[in-house]
Amino acid sequence: MRFAKQLARELLQKHGIPAAVEDLDAYDHECLATLDRNIAVGFVVSTFGEGDPPDNATGLYETLSRWKGNAAADRQQTQPLKDMRYFTFGLGSTKYQDFNGYVKTLDAQLLALGAQRLGPVGLRDEADSRTDETTWLPWKDAVANELLRFEPSLVTQPVTSSAQSTRMPDYIVEETAPRARLRGVMHAGEHNAEQSRGRIKVYAAPVKNSRLLSATIDGGASPPRTYIHIEFDLSSARPPLSYQTGDHVAVWPINNDNEVVHFQQAFGWSSAQINAPIEIRPQNSSHQDATMPPSPTTRASLLRFYFDICGVVTRETLQLLADLAPTTAARQYIESLYADDQAYNTQVVRQHLTCGQIMATAMQLAPMENKVAPFWPQELFSLFLQTLPPLQPRYFSIASSPRVSSTTVAITVGVVTTPVAIGNPTKNNGSERDTIFHGLTTNYLHALHKRVSVAVPSASSVNGKSTTWNQPSYTLAGPRGMLAGSKALLQIRPSNFRMPADPTVPLILVAAGSGIAPFVGFMQERELQLAAGTAVAPTILFFGCRAPEQDYLYAKEWARLEQLEPNVGDHKYDGGQRFFSMYTAFSRSGPSKVYVQDRVQQEQQQVARLLTGQRAAVYICGSTAMATDVKTVLQKCLETTGLSSDSAQLFMRDLKKDKKLQEDVWA
Numbered sequence: 317m318r319f320a321k322q323l324a325r326e327l328l329q330k331h332g333i334p335a336a337v338e339d340l341d342a343y344d345h346e347c348l349a350t351l352d353r354n355i356a357v358g359f360v361v362s363t364f365g366e367g368d369p370p371d372n373a374t375g376l377y378e379t380l381s382r383w384k385g386n387a388a389a390d391r392q393q394t395q396p397l398k399d400m401r402y403f404t405f406g407l408g409s410t411k412y413q414d415f416n417g418y419v420k421t422l423d424a425q426l427l428a429l430g431a432q433r434l435g436p437v438g439l440r441d442e443a444d445s446r447t448d449e450t451t452w453l454p455w456k457d458a459v460a461n462e463l464l465r466f467e468p469s470l471v472t473q474p475v476t477s478s479a480q481s482t483r484m485p486d487y488i489v490e491e492t493a494p495r496a497r498l499r500g501v502m503h504a505g506e507h508n509a510e511q512s513r514g515r516i517k518v519y520a521a522p523v524k525n526s527r528l529l530s531a532t533i534d535g536g537a538s539p540p541r542t543y544i545h546i547e548f549d550l551s552s553a554r555p556p557l558s559y560q561t562g563d564h565v566a567v568w569p570i571n572n573d574n575e576v577v578h579f580q581q582a583f584g585w586s587s588a589q590i591n592a593p594i595e596i597r598p599q600n601s602s603h604q605d606a607t608m609p610p611s612p613t614t615r616a617s618l619l620r621f622y623f624d625i626c627g628v629v630t631r632e633t634l635q636l637l638a639d640l641a642p643t644t645a646a647r648q649y650i651e652s653l654y655a656d657d658q659a660y661n662t663q664v665v666r667q668h669l670t671c672g673q674i675m676a677t678a679m680q681l682a683p684m685e686n687k688v689a690p691f692w693p694q695e696l697f698s699l700f701l702q703t704l705p706p707l708q709p710r711y712f713s714i715a716s717s718p719r720v721s722s723t724t725v726a727i728t729v730g731v732v733t734t735p736v737a738i739g740n741p742t743k744n745n746g747s748e749r750d751t752i753f754h755g756l757t758t759n760y761l762h763a764l765h766k767r768v769s770v771a772v773p774s775a776s777s778v779n780g781k782s783t784t785w786n787q788p789s790y791t792l793a794g795p796r797g798m799l800a801g802s803k804a805l806l807q808i809r810p811s812n813f814r815m816p817a818d819p820t821v822p823l824i825l826v827a828a829g830s831g832i833a834p835f836v837g838f839m840q841e842r843e844l845q846l847a848a849g850t851a852v853a854p855t856i857l858f859f860g861c862r863a864p865e866q867d868y869l870y871a872k873e874w875a876r877l878e879q880l881e882p883n884v885g886d887h888k889y890d891g892g893q894r895f896f897s898m899y900t901a902f903s904r905s906g907p908s909k910v911y912v913q914d915r916v917q918q919e920q921q922q923v924a925r926l927l928t929g930q931r932a933a934v935y936i937c938g939s940t941a942m943a944t945d946v947k948t949v950l951q952k953c954l955e956t957t958g959l960s961s962d963s964a965q966l967f968m969r970d971l972k973k974d975k976k977l978q979e980d981v982w983a
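Count along the sequence shown from 1, then add 316; that gives the number in this note's numbering.
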């Protein structure tokens, strides 16, 4: 949404082209066929999974697919969008297998239906720090030129200078009436179907159970490597929430209190000011923007529950901070952070610097005046309303089966705590201080876990000295106390990561780290079938982690499953007759590092027999890099049976086509 808003703002202010930004769910997609020829439509979209549309684009995808099917059946409907002009930009990462797959699909759908594209398809790569300069900026200019060439009459007002346009607030912020008068309409950070930009209801689910799976200290030089199993109670959800084995849970996070305090101190707000009611309205009263932050509200609600202020600061925001820095020293410090790609990568990205942290550091560089550091101008907060991205949910694979408990959904959380060394510019000797980057959603869930269970020790010993890894605090009660009682805001998102309907199909499961989660649900379901007397094929699970005493997740559960007596009925399986077999790969235990793909290769004969003899189904969950390596090894396993390299590749493609090779992967 941030990129769409930036494009719309620059089209209007730099080129005089009026533009509005709306969510894809806000429109009836049937209207695309009746658009005025003088209106151009831009699509800024991301990709989910293997080239699938994101949640709010599924309706558009289904509409265009139906039109395409109708056009194939009726030649008179071959080009229902012949009068439509459009432009497209995709947000993706080359760390994923299908880079920007959905924007490519969308572009192909629109072209096939007769629409005319303006400019090239933009493809942004989140894995490339130079992507703004190499992709986003050139694409914006190309689209603006195409729009002006396509219809010069679009220009409706004088063009402002570049310097003016980039620093003109879209919104006006005003302190408003006393809280008592606005109690019924004040937005305190609540989520509903509209605000969450999705068609699936958000539900405040209480934590039913939470237990620690692993918390180890790597020699004391790093924070604990913590994994948690959290179960949420869905029994009181209205309308009822249901899920299937293999689905995902979306958890809406809360920003940690430290980052909120950075903003409060940077702007010099008192406790009364940050919690005072404010109204936000468009600078141009005739232009309504669906992406405008909620109003009336408070600054605290926006910073704690609405905007993402814990992410790495963008170069665009750094430039904004430099322009409005309160002192020359602060401006010079900030400019040094984005002077070039290397500076930005080493000083910002690798150190996970947030906007608030940079503002706080910049203030420390300034000489004190009357024992008070110079505050940042209030104008900057108005500009933040159009540049800071809104909070987004984090998706977790479900670690349970509804067949065991339809009102309980579980997730496996690997708490992200990454040590970084940040150069402290306030010290003349350039000394560094150790700090920790805390993952937004996982650390919020860690704090929720500690609320309902025994606290995790946070101190270790480094060279005989005690080291405490400070964990952030959160306002866990949520807006208006709606999360009191240890609740979290959840959504259920359907997935295509599905077990075979036939229980006599053998399973080859491969996971690393928290990627083990969906296989907990898989095995719950297969054990239930076994207990019911159903013939169940063997399952083999390959799991990779660091060491058995550190992060061997659900170890006791896997050991118990290995002891269960099989029931294969009249079926014969070349890979063995056991109900469940576990194969582990420990990368930090033993004389050499062993990864999960190495363990698959060690069992290549059994794997090959299951694939070729019984057409076993393969499921891979974990990092994209791991999944790529595992598929390479699977092909080599097939080649041991005498298949040529080309035949083995074809075999793998057929597995995927038949949905017997499925992946749930992430960067």
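Every residue gets a Cβ at the ideal spot worked out from N, C-alpha and C, and that includes glycine. This one's a predicted model, so the numbers in the text were calculated from it and none came from an experiment.
| request: Quick one: grab the DSSP three-state call for Phe415. | output: Numbered from 1 along the sequence shown, position 99 holds the residue referred to as residue 415. It is coil, neither helix nor strand.
Please confirm whether any heavy atom of the ligand HEM lies closer than 7 Å to the CB of Val523. Questions concerning the ligand HEM fall outside what the structure shown contains, since it holds no ligand whatsoever.
| message | Is the separation between the beta-carbon of Thr404 and that of Leu376 shorter than 8 Å? | response | Here residue 404 refers to the residue found at position 88 when the sequence shown is read from its first residue. Here residue 376 refers to the residue found at position 60 when the sequence shown is read from its first residue. For Thr404 and Leu376, no; Cβs fall outside 8 Å.
### Query
Would you say Asp945 and Gln921 are within 8 Å of each other, going by their C-beta atoms?
As a position in the sequence shown, residue 945 is number 629, starting the count at 1. As a position in the sequence shown, residue 921 is number 605, starting the count at 1. No, these two residues do not count as a Cβ contact at 8 Å.
| In whole angstroms, what separates the C-alpha of Val910 from that of Leu640? | Translated into the one-based positions of the sequence shown, residue 910 becomes position 594. Translated into the one-based positions of the sequence shown, residue 640 becomes position 324. Cα to Cα, Val910 sits roughly 51 Å from Leu640.
Under the assumption that Leu825 contacts Tyr935 (Cβ atoms under 8 Å), give the Cβ distance between them as a whole number of angstroms.
To locate residue 825, count along the sequence shown from 1; it is residue 509. To locate residue 935, count along the sequence shown from 1; it is residue 619. Their Cβ separation, rounded to whole angstroms, is 5 Å, which keeps Leu825 and Tyr935 in contact under 8 Å.
Those residues which DSSP pairs with Ser558 across a bridge = On the sequence shown, residue 558 is found 242 positions in, with the first residue counted as 1. The partner list for Ser558 (beta bridge, DSSP) is empty, contrary to what the question assumes.
Candidates Arg631, Asp371, Val360: which alpha carbon is nearest Arg1042's? Past the boundaries of the shown model lies residue 1042; the chain is included only from 317 to 983, so the question cannot be answered.
- Item | Unbroken beta strand (DSSP E) run spanning His545, endpoints | The residue given as residue 545 occupies position 229 in the sequence shown. Unbroken beta strand (DSSP E) run through His545: 541 to 549.
**Prompt:** Is Val628 helix, strand or coil when you go by DSSP?
**Reply:** What you label residue 628 is simply residue 312 of the sequence shown in a count that begins at 1. Note: Val628 maps to coil in three-state DSSP.
| message | Starting from Thr940, trace the alpha helix (DSSP H) in both directions and tell me its first and last residue. | response | On the sequence shown, residue 940 is found 624 positions in, with the first residue counted as 1. From DSSP, the alpha helix (DSSP H) with Thr940 extends over 940 to 955.
Next on the checklist: To the nearest angstrom, how far is the alpha carbon of Val731 from that of His545?
Outcome noted: As a first step, residue 731 is located in the sequence shown; it is residue number 415 there, counting from the start. As a first step, residue 545 is located in the sequence shown; it is residue number 229 there, counting from the start. Near 11 Å, if we compare the C-alpha coordinates of His545 and Val731.
field: Three-way DSSP call (helix, strand, coil) for Pro834 in this model
entry: Here the question's residue 834 lines up with position 518 in the sequence shown. Here Pro834 sits in helix by DSSP.
- Check the C-beta distance from Gln807 over to Ala566 and give it rounded, since I have them as a contact under 8 Å. Mapped onto the sequence shown, residue 807 falls at position 491. Mapped onto the sequence shown, residue 566 falls at position 250. Contact flag correct, Cβ pair sits at about 4 Å.
Please report the distance separating the alpha-carbon of Gly801 from that of Ala763. The residue you call residue 801 lines up with position 485 of the sequence shown. The residue you call residue 763 lines up with position 447 of the sequence shown. Each residue's alpha carbon lies about 13 Å from the other.
Report task. Measure the beta-carbon distance from Cys626 to Asn572 and round it to whole angstroms, keeping in mind my assumption that it falls under 8 Å. Result -> Position 310 of the sequence shown, counted from the start, is the residue given in the question as residue 626. Position 256 of the sequence shown, counted from the start, is the residue given in the question as residue 572. Right, their Cβ atoms sit about 7 Å apart.
Nearest candidate by alpha-carbon position, reference Leu618, set Leu846, Gln840, His503: Here residue 618 refers to the residue found at position 302 of the sequence shown. Per the Cα distances, His503.
* Leaving out the 5 sequence neighbours to the left and right, which residues in its chain are closer than 7 Å to Thr723 when beta-carbon positions are compared? -> One-based indexing of the sequence shown puts residue 723 at position 407. These residues qualify, in order along the chain: Asp549, Leu550, Ser551.
**Report entry** At least 3 beta-carbon pairs within less than 8 Å: the region 661 to 679 vs the region 582 to 590
**Finding:** yes
| query | What number of angstroms, rounded off, separates the C-alpha of His331 from the C-alpha of Thr643? | reply | Against the sequence shown, residue 331 aligns to sequence position 15. Against the sequence shown, residue 643 aligns to sequence position 327. Their backbone Cα atoms lie some 32 Å apart in a straight line.
Hey, quick one: how far does the alpha helix (DSSP H) through Ser587 stretch, first residue to last?
Position 271 of the sequence shown, counted from the first residue, corresponds to residue 587. Ser587 -> alpha helix (DSSP H) spans 587 to 590.
- Can you give the Cα-Cα distance for Asn744 and Trp568, rounded to whole angstroms? Position 428 of the sequence shown holds residue 744. Position 252 of the sequence shown holds residue 568. With a pLDDT of only 38 at Asn744, under 50, the local geometry of the prediction cannot be trusted, and no value is derived from it.
Open item on the list: Give me, in chain order, the residues of the same chain whose beta-carbon lies closer than 8 Å to that of Thr670; leave out the 5 immediate sequence neighbours on both sides.
Closed with: As a first step, residue 670 is located in the sequence shown; it is residue number 354 there, counting from the start. For Thr670, where only same-chain residues beyond five positions count, the Cβ hits under 8 Å are Glu575, His578, Ile625, Cys626, Gly627, Val628, Val629.
**Request:** Assuming Val729 contacts Leu707 (C-beta within less than 8 Å), just tell me the rounded distance between them.
**Result:** Numbered from its first residue, the sequence shown carries residue 729 at position 413. Numbered from its first residue, the sequence shown carries residue 707 at position 391. About 18 Å separates the two Cβ atoms, so there is no contact after all.
Classification of Arg969 by the beta-carbon crowding that lies within 10 angstroms, buried from 16 upward
For this step, residue 969 is matched to residue 653 along the sequence shown. Exposed, because fewer than 16 other Cβ atoms sit within 10 Å of the Cβ of Arg969.
So what does DSSP say about Pro741, is it helix, strand or coil?
-> Taking the first residue of the sequence shown as position 1, residue 741 is located at position 425. Low per-residue confidence applies at Pro741: pLDDT is 48, beneath 50, and the placement is therefore not dependable, though the value from the model is reported in the following sentence. Pro741 falls in the coil class under three-state DSSP.
Do the CB positions of Pro819 and Ala847 come within less than 8 Å of each other?
Position 503 of the sequence shown, counted from the start, is the residue given in the question as residue 819. Position 531 of the sequence shown, counted from the start, is the residue given in the question as residue 847. No. Outside cutoff.
Review point. Taking contact to mean at least 3 C-beta pairs separated by less than 8 Å, is the region 945 to 957 in contact with the region 883 to 900?
Key: no
Environment of Gln648 [buried if 16+ CB atoms lie within 10 Å]:
Reading the sequence shown from its first residue, position 332 is the one you call residue 648. Exposed, because fewer than 16 other Cβ atoms sit within 10 Å of the Cβ of Gln648.
Continuous beta strand (DSSP E) assignments of at least 3 residues falling wholly in the region 835 to 866: 855 to 861
**Asked** With a CB to CB cut of under 6 Å and the five nearest residues on each side skipped, what residues in its chain are close to Thr734?
**Response** As a position in the sequence shown, residue 734 is number 418, starting the count at 1. These residues qualify, in order along the chain: Phe753.
Query - Rounded straight-line distance, which links the Cα of Ala588 to that of Asn812 - result: Taking the first residue of the sequence shown as 1, we reach residue 812 at position 496. Taking the first residue of the sequence shown as 1, we reach residue 588 at position 272. Cα to Cα, Asn812 sits roughly 49 Å from Ala588.
key: DSSP-derived helix/strand/coil call for Leu805   = On the sequence shown, residue 805 is found 489 positions in, with the first residue counted as 1. Three-state DSSP puts Leu805 in a strand.
- Apart from the five residues on each side of it in sequence, which residues of its chain come closer than 6 Å, Cβ to Cβ, to Gln978? As a first step, residue 978 is located in the sequence shown; it is residue number 662 there, counting from the start. Result list for Gln978: Phe813, Tyr935, in chain order.
Requested in this report: Could you name the residues of the same chain whose beta carbon sits closer than 8 Å to that of Pro485, not counting the 5 residues immediately before and after it, in chain order?
Outcome: Along the sequence shown, read from residue 1 onward, the residue named residue 485 stands at position 169. If we look at Pro485 and ignore the five residues flanking it on each side, its Cβ neighbours are Gln599, Glu695, Ser698, Leu699, Leu701, Gln702.
### Message
For Gln322 and Glu338, what's the separation of their Cα atoms in angstroms?
### Response
As a working mapping, residue 322 is identified with position 6 in the sequence shown. As a working mapping, residue 338 is identified with position 22 in the sequence shown. About 13 Å.
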